[in-house]
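Residues in the sequence shown are numbered from 73 upward in steps of one, following my numbering.
From the three backbone atoms N, C-alpha and C, an ideal C-beta is built for every residue, glycine too.
First comes the structure, then the notes that go with it.
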Amino acid sequence: MLDISTYKIAQVVLMSRELDRAEGELRAFLDRMSEEELASLVALMWIGRDSFGPEDLDEALATARQSATTPTADYLLGTPHLSDHLENGADALGLSLSDDEDDLVRGG
């Protein structure tokens, strides 16, 4: 299972949709995450772009931990369609981000 809350994933999704405006905020948010949370985000993104299947979550997590040579914030921010890949990965794993996204948009 992922070592990151759906609330944090939703925050990354929302900020990555507004990257022109929120890149500094997103980078700071990512820099405060643990290595396990960052590996979970990378694995989720890979599942969302079909680099791994949802059944390969453990392998994706292990690969994300082993491959972390570039700063993870740089890697994620340099990934086109990051928010789409994270949402697709969450869907593939049966995780819903919509309630958390709604709470964040409403300022909850």
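- The DSSP assignment places 107-120, 129-138, 144-149 and 154-164 as complete runs of the alpha helix (DSSP H) inside the segment 99-176, in order along the chain (cut-off: 4 residues).
- Here LEU116 really is in contact with GLY161; their C-beta atoms are around 4 Å apart, less than 8 Å.
- Nearest to ASP175 by C-alpha distance, out of SER139, THR151, ILE76 and LEU86, is LEU86.
- Closest in alpha carbon position to SER155, among GLU173, GLN138, ASP103 and SER139, is GLU173.
- One thing to note: ILE76 has its Cβ within 8 Å of the Cβ of GLU109.
- Taking a contact as a CB-CB distance under 8 Å, the pair ARG121 and HIS157 counts as one, their CB atoms being some 5 Å apart.
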